[in-house]
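Protein sequences, first through last, are from chains A and B.
Heads up: take any position in the first sequence, counting from 1, add 214, and you land on our numbering.
Heads up: take any position in the second sequence, counting from 1, add 214, and you land on our numbering.
No residue lacks a Cβ here, since even glycine has one placed at the ideal position from N, Cα and C.
Given the structure is predicted, the values throughout are model-derived calculations rather than measurements.
Number of protein chains: 2
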Amino acid sequence: MIYTLNHKDAHSKARTGSIRLPHGVVQTPAFMPVGTNGTVKALHHQTIEEMGYSMILGNTYHLYLRPGIEVIKAYGGLHQFSSWDHNILTDSGGFQIFSLATFRKIREEGVTFRSHIDGSSHHLTPEKVVEIQRYLNSDIQMCLDVCTPPDLPKKEALKAMRITHDWARRAKSAWESYSDTYEGKLFGIVQGNFYEDLRKESAEYIASLDFPGIAIGGLSVGEPFNTYAEFLAMTVESLPSDKPLYVMGIGTPSYIFEAVENGIDIFDCVFATRTARNGSVFTDHGLINMKKVINEFDQGPIQEGCTCRACTTYSKGYMRHLFKTNEILGAMLASEHNLTYLHNLMHNIRMSIEADRFTEYKREYLSAYERK
Amino acid sequence: MIYTLNHKDAHSKARTGSIRLPHGVVQTPAFMPVGTNGTVKALHHQTIEEMGYSMILGNTYHLYLRPGIEVIKAYGGLHQFSSWDHNILTDSGGFQIFSLATFRKIREEGVTFRSHIDGSSHHLTPEKVVEIQRYLNSDIQMCLDVCTPPDLPKKEALKAMRITHDWARRAKSAWESYSDTYEGKLFGIVQGNFYEDLRKESAEYIASLDFPGIAIGGLSVGEPFNTYAEFLAMTVESLPSDKPLYVMGIGTPSYIFEAVENGIDIFDCVFATRTARNGSVFTDHGLINMKKVINEFDQGPIQEGCTCRACTTYSKGYMRHLFKTNEILGAMLASEHNLTYLHNLMHNIRMSIEADRFTEYKREYLSAYERK
Chain A
215 MIYTLNHKDA HSKARTGSIR LPHGVVQTPA FMPVGTNGTV KALHHQTIEE
265 MGYSMILGNT YHLYLRPGIE VIKAYGGLHQ FSSWDHNILT DSGGFQIFSL
315 ATFRKIREEG VTFRSHIDGS SHHLTPEKVV EIQRYLNSDI QMCLDVCTPP
365 DLPKKEALKA MRITHDWARR AKSAWESYSD TYEGKLFGIV QGNFYEDLRK
415 ESAEYIASLD FPGIAIGGLS VGEPFNTYAE FLAMTVESLP SDKPLYVMGI
465 GTPSYIFEAV ENGIDIFDCV FATRTARNGS VFTDHGLINM KKVINEFDQG
515 PIQEGCTCRA CTTYSKGYMR HLFKTNEILG AMLASEHNLT YLHNLMHNIR
565 MSIEADRFTE YKREYLSAYE RK
Chain B
215 MIYTLNHKDA HSKARTGSIR LPHGVVQTPA FMPVGTNGTV KALHHQTIEE
265 MGYSMILGNT YHLYLRPGIE VIKAYGGLHQ FSSWDHNILT DSGGFQIFSL
315 ATFRKIREEG VTFRSHIDGS SHHLTPEKVV EIQRYLNSDI QMCLDVCTPP
365 DLPKKEALKA MRITHDWARR AKSAWESYSD TYEGKLFGIV QGNFYEDLRK
415 ESAEYIASLD FPGIAIGGLS VGEPFNTYAE FLAMTVESLP SDKPLYVMGI
465 GTPSYIFEAV ENGIDIFDCV FATRTARNGS VFTDHGLINM KKVINEFDQG
515 PIQEGCTCRA CTTYSKGYMR HLFKTNEILG AMLASEHNLT YLHNLMHNIR
565 MSIEADRFTE YKREYLSAYE RK
């Protein structure tokens, strides 16, 4: 068992705990910054480390295409290649094959797709994806899955889920065959689209395979917030409580609070860094855009009390100037702010759980955050 | 007098010394990183400070257009606005009006031009440019000058020079009128295009105005290296030796060595940071481009022995990957390397002068640098 429960909130499923992984212990609930190409965009890994993050995410699809697995293998893995000594979780590429590749053909045996970069053709199987992530030396690796869009007819959703389940079983066998030489953990992924019975069936099947941890995929893909909350709660019902649970692709305060309230331990999202590069930054009163003219003469920081370099060194007026002149430093500082902000938010969430006041903290925080 | 001579090389005009300025002392000869918009592109000012730089450059033309002088004035100057506590030299905008503005009309009284950003019309006089740089609180500010292209007919070059001289005289009067409230130093600029008699006349006239320091403009604008060297040497002949001398717009090793050999104390150039953003980095064996396939599996640093974060943390293979995937971290690391490299080069140059072996060091360095 890699998960240790520390404290369960008295009034919700929210819980604090820790996940033991080859590159150290992760205190949960935890947000993971996304480093698609083996770099969290516009930030040094050293800065990510100084913020206190102990696990980041890398994208198998992107790294497989560039620089290619042979390169990263020659360096002894993604940690050495990218100079990051803490944990790395890699996704399986399933979502990117679904959302980025210019052509894809899914068969029971595997998936064929064309690269969005150069149109080159590639074939992946669940076994090969386990092997690739082993070469990346991922601390947590994910099973190849079939991702589906919302509003898919049930028949197709069922077919995709059945293939996902078969691939999960095959991935687990492949992963077990490497147990002598590879310490990374394999997580299964629950799918089932937005059909209650399929979600339940998928959660039960994935739970039955006894992975070290379980992820919930196919949420936050465009559905209304209430649908997200409903399917999240329902899926968790069928999952074990002694394993780390991961919701893929969420990273705004309201989605994070909802996930934590349902007992989710880890999550990731590109939103914090992508929106930062567009000049949008987290504050206790919601997202604000640095480019707005209201910031022009504002000598105050983005967020009073924030410990990041942007808030302790620079004013909103200077930040606005950087974005108006398209200076790279704007992206660097806003990215540092947003990830610092989320790290501090997760710290506060963990403290609130340990004090049995998570639901109170959630209400207080979101009422300020959402009232602009 | 703001310049103190420390040591003159026994075999050339090269010299070490220091310039006393409102935000500290600058050890010379010194290279100045360029921070066009009040930020050295892709770097924190803290990083520039840690490298050891004590003076950076800002562009009056850019800052006047964005964020505008009213904004920077409200912050109390460019140091506070951009969080840089060391010296700032600002150019006058003359070169940018010549090279960037979409329309310009120069009269004896001043210059009218259109912004390259939004086409808006602006009028500047030598007096107004002094006032603008006073609001920026520049430690060294430059006179407005008329910049001319190579191959200009002599009659026009003469006319431009005469206006530059008249503007220099007017700028000095304006600057002197602020002496009670502003500590920054005004430098005159020698022009005269590539006509020997005009260069000589310009150097003598600018020297006669008794500025705290003197700059040489209109070099490294496309002329052959030998022409640069010839006009540099000739211009310096007519300049005083007790004032800091500045060649504007140079920043590659061969141009730097040539300037230092002629007794030049400071210089600036965008080359180091601009070329870094394109993936080109300084090494002891010349510029190399990180994108080349030869770097793919290379686990060594850009330059053995370099103290920058790129060289102490990352491999050439990872740097190549960052540039191939257009990651911002590539620009950040290459910029940090190139400015660290130039700072270390200037340190070595100063040491060689103090040991009376500058010409030897120049020959050794350039023979390795230029032999690819």
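Q | Contacts around A:Tyr409, its chain only, beta-carbon distance under 7 Å, and the 5 residues preceding and following it disregarded | A | Lys368, Ala371
Q: Express the C-alpha separation of A:Arg383 and A:Ala429 in angstroms, rounding to a whole number.
A: Annotation: A:Ala429 to A:Arg383 spans about 15 Å, alpha carbon to alpha carbon.
Q.
Can you check which of these residues, A:Asp482, A:Thr521, A:Tyr275, A:Asp424, is closest to A:Gly431 by C-alpha distance?
A. Residue A:Asp482 is the option with its Cα nearest to A:Gly431.
Q. For B:Gln517, which of helix, strand or coil comes out of DSSP?
A. coil
Q: Can you give me the Cβ contacts of A:Met560 inside the same chain, cut-off strictly under 7 Å, excluding the 5 residues immediately before and after it?
A: Pro243, Ala244, Phe245
Q | Cβ contact check for the region 278-289 of chain A and the region 521-536 of chain B: 3 or more pairs under 8 Å | A | yes
Q: Inspect the beta-carbon positions of B:Asp353 and B:Pro236 and report whether they are closer than 7 Å.
A: yes
Q. Under 9 Å Cβ-Cβ, which residues of chain B neighbour A:Arg280?
A. His535, Lys538, Thr539
Q. What's the C-alpha gap between A:Arg585 and A:His499?
A. 7 Å
Q: Could you pull out every residue in the same chain whose Cβ sits closer than 7 Å to the Cβ of B:Arg523, ignoring the five residues on either side in sequence?
A: Leu547, Glu550
Q. Secondary structure at B:Ala244, three-state DSSP: helix, strand or coil?
A. strand
Q) Do the region 216-224 of chain B and the region 449-459 of chain B touch if we need at least three Cβ pairs shorter than 8 Å? A) yes
Q. Using 8 Å as the threshold, is the region 488-503 of chain B in touch with the region 252-268 of chain A, meaning 3 or more CB pairs across them?
A. Here the region 488-503 of chain B does not lie against the region 252-268 of chain A, with fewer than 3 beta-carbon pairs under 8 Å apart.
Q: With DSSP as the reference, label B:His561 as helix, strand or coil.
A: helix
(Q) Counting only Cβ pairs nearer than 8 Å, list the residues of chain B close to A:Leu543. (A) Thr253, Lys255, Ala256, Leu257, His258
Q. Taking only runs of the alpha helix (DSSP H) that begin and end inside the region 482-560 of chain B, which ones reach a length of at least 4 residues, in chain order?
A. Counting whole runs of 4 or more residues, the region 482-560 of chain B contains the alpha helix (DSSP H) stretches 485-491, 523-527, 530-538.
(Q) As a quick exercise: from B:Asp411, B:Leu292, B:Ala417, B:Ser416, pick the residue whose alpha carbon is nearest that of B:Gln355. (A) It is B:Leu292.
Q.
For a test of the three-state rule: what should DSSP assign to B:Val474, helix, strand or coil?
A. When secondary structure is reduced to three states using DSSP, B:Val474 falls in the helix class.
Q | Local Cβ density within 10 Å of A:Arg564, reported as buried at 16 or more and exposed below that | A | The residue in question, A:Arg564, is buried, as its Cβ has 16 or more Cβ neighbours within 10 Å.
Q) Mind checking A:Ala388: buried by the 16 CB within 10 Å criterion, or exposed? A) With 16 or more neighbouring CB atoms inside 10 Å of its own CB, A:Ala388 falls in the buried class.
Q. Where does B:Thr521 land, buried or exposed, given buried means 16+ other C-beta within 10 angstroms?
A. exposed
Q.
Cβ closer than 7 Å: which chain B residues qualify as neighbours of A:Thr527?
A. Ser297
Q.
Once DSSP output is grouped into helix, strand and coil, what is the label at B:Thr339?
A. In this structure, B:Thr339 counts as coil in the three-state DSSP scheme.
Q: Using three-state DSSP, classify A:Gly620 as helix, strand or coil.
A: Because chain A spans 215 through 586 in this model, residue 620 of chain A falls outside it and cannot be assessed.
Q: Buried or exposed for A:Pro657, please, with buried defined as at least 16 other CB atoms from any protein chain shown within 10 angstroms of its CB.
A: Look at the range of chain A in this structure, 215 to 586, and you will see that residue 657 of chain A is not part of it.
Q. Cβ of A:Phe511 less than 7 Å from any chain B Cβ?
A. yes
Q | Interfacial residues, the region 283-294 of chain B to chain A, with Cβ spacing under 8 Å | A | Val285, Ala288, Tyr289
Q. Three or more C-beta pairs closer than 8 Å, one from the region 564-574 of chain A and one from the region 321-334 of chain B: is that the case here?
A. no
Q | Three-state class that DSSP yields for A:Phe439 in the structure shown | A | helix
Q.
Buried or exposed for B:Lys319, going by 16 or more other Cβ atoms inside 10 Å?
A. exposed
Q: For A:Val507, count neighbouring Cβ atoms within 10 angstroms of its own Cβ and tell me buried if that reaches 16, exposed if not.
A: exposed
Q) By how many angstroms is the C-alpha of B:Phe445 removed from the C-alpha of B:Val461? A) 11 Å
Q: Taking B:Gly531 as the query, report the chain A residues whose CB atoms sit under 9 Å from its CB, ordered along the chain.
A: Those within 9 Å of B:Gly531 in chain A are Pro281, Val285, Ala288, Tyr289, Phe295.
**Q.** Close-in-space but distant-in-sequence residues of the same chain around A:Lys576 (CB under 7 Å, 5 per side omitted)
**A.** Phe471, Glu475
Q: Under 8 Å by Cβ, that's how I've got A:Leu338 and A:Leu277 pegged, so tell me the actual separation to the nearest angstrom.
A: About 13 Å separates the two Cβ atoms, so there is no contact after all.
Q | Where B:Gly290 falls, given that 16 or more other Cβ within 10 Å makes a residue buried | A | exposed
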